[in-house]
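Residue numbers (the numbering used here): 40 to 356. Let me begin by presenting the structure, written as structure tokens, before commenting on it.
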């Protein structure tokens, strides 16, 4: 029983026809007309119609960054698109004879990892997506945790430093300011400024006119001491956050996705060490596993499609 997943990003919209076992059967990609919400609606409708053509499709799911209500219908707020209390599902349903649901993009990616990826053997998992910011998804007792208003899982805004660095959400000291790709670049620049182990970082910064994620990734492969130290700082903050999350959620498994997760054990090792250092009742509390996500760029469309399929099947019973 096929379904369609659409993942709306800041620069591109990805769409896929997905089987009920998570296999992508067809896919499309288009640039995001981010400044024009009406054009986004037109494009999503067109992509769904193209992917649906000639196939038996039960539902379509759309994933986007932002706060989505518990009914999977309204986008309360989206950071990259001018959506404020946008009834996006209704706008799509007016033009599509198909069951449609809307979901947060991190929830969709986390659900894909739970169903078909790194967490497919778990019942309780927490996923952190380490990209420009920090996203999150929580599965508890085989169910995606949405919360009373639909906005649960905003793990990037767990506060780890009282009166710490200001965050885009309006608070200060959120883990997003200490455990994201943007934070990694800030830490690397500070190390470059200090000299010593930061010498190669400073050289690369001068050559390129600024440090980038690609430069850091290359230096990590080369085992550069400055880049490794920056990543270790990042992992230490993430481990501390995971210890706090464990006290509340008690997951069997932490899954790390997003661009920074490609560092693998170079990231996970300091995360584990810091987690254990901050874990309440260490030695008596069972320890979860820490793994890297498997589905990478396909997670959003696969998760959105599967959540839509489950919603449609439930509505039909």
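We treat Cβ as the ideally placed atom computed from N, Cα and C, and that holds for glycine. All of these numbers come straight from a predicted model, not from anything done at the bench.
(request) Output the boundary residues of the alpha helix (DSSP H) element that contains residue 162. (result) Taken as a continuous stretch (DSSP letters only), residue 162 belongs to no alpha helix (DSSP H), as it is neither H nor E.
(request) Can you grab the Cα-Cα spacing for the pair residue 380 / residue 42, in whole Å? (result) No answer is possible for residue 380: the residues shown for the chain start at 40 and end at 356.
(message) Here's the rule I'm using: 16 or more other beta-carbon atoms within 10 Å means buried, otherwise exposed. How should residue 350 be labelled?
(response) With 16 or more neighbouring CB atoms inside 10 Å of its own CB, residue 350 falls in the buried class.
(message) When you compare the CB positions of residue 274 and residue 309, do they come within less than 7 Å of one another, or not?
(response) Contact flag set, yes.
(message) If the criterion is Cβ atoms closer than 7 Å, does the pair residue 148 and residue 339 meet it?
(response) Residue 148 places its beta carbon less than 7 Å from that of residue 339.
(request) Kindly say whether residue 247, judged by its beta-carbon, lies nearer than 7 Å to any beta-carbon of chain C. (result) Protein chain content of the structure displayed is limited to a single chain, and chain C is not contained in it.
(request) Under 8 Å Cβ to Cβ from residue 51, same chain only, skipping five residues before and after it: list those, please. (result) Excluding sequence neighbours, residue 51 sits near 68, 69, 70 and 71.
(request) Return the CA-CA distance between residue 279 and residue 152, expressed in angstroms with no decimal places. (result) Their backbone Cα atoms lie some 23 Å apart in a straight line.
(request) Compute the Euclidean distance between the alpha carbons of residue 228 and residue 205, then round it to the nearest angstrom. (result) If you take the alpha carbons of residue 228 and residue 205, they lie about 18 Å apart.
(message) So, at 6 Å on beta carbons, what are the nonlocal neighbours of residue 237 in its own chain, with the 5 sequence-adjacent residues on each side left out?
(response) Within the same chain, Cβ atoms closer than 6 Å to the Cβ of residue 237 are found at 230, 231 and 265, the five residues on either side in sequence being excluded.
(message) According to DSSP, is residue 112 part of a helix, a strand, or is it coil?
(response) Residue 112 falls in the coil class under three-state DSSP.
(request) Assign residue 226 to buried or exposed, taking buried as 16 or more other Cβ atoms, counted over all protein chains shown, within 10 Å of its Cβ. (result) With 16 or more other Cβ atoms within 10 Å, it is buried.
(message) Given this structure, state the Cα-to-Cα distance separating residue 174 from residue 121, to the nearest angstrom.
(response) Going from the Cα of residue 174 to the Cα of residue 121 covers about 20 Å.
(request) Report yes if the C-beta of residue 256 is less than 6 Å from at least one heavy atom of the ligand NAP; otherwise report no. (result) Inclusion of the ligand NAP in the displayed structure is not the case, the ligand content being empty and no account of it being possible.
(request) Please work out which residues of its chain come closer than 7 Å, Cβ to Cβ, to residue 259, disregarding the five sequence neighbours upstream and downstream, and give them in chain order. (result) 266, 267, 270, 302 and 305, listed in sequence order.
(message) For the region 308-324 against the region 191-199, do three or more pairs of beta-carbon atoms, one drawn from each stretch, fall closer than 8 Å, so that the two count as touching?
(response) These segments do not touch.
(request) Take the Cβ of residue 353 as the centre, count every other Cβ of all protein chains shown within 10 Å, and call the residue buried at 16 or more, exposed below. (result) Residue 353 is exposed by the Cβ-count criterion.
(request) Report the rounded CA-to-CA distance for residue 44 versus residue 73, giving the unit in angstroms. (result) Cα-Cα distance, rounded: 19 Å.
(message) I need the DSSP call for residue 265, collapsed to helix, strand or coil.
(response) Residue 265: helix per DSSP, three-state reduction.
(request) Using a threshold of 7 Å, state whether the C-beta atoms of residue 291 and residue 163 are closer than that. (result) Their beta carbons are under 7 Å apart, which means residue 291 touches residue 163 by this criterion.
(message) Looking at the strands, I want to know which residues DSSP matches up with residue 70.
(response) In the DSSP output, where bridge partners are listed per residue, residue 70 has 51.
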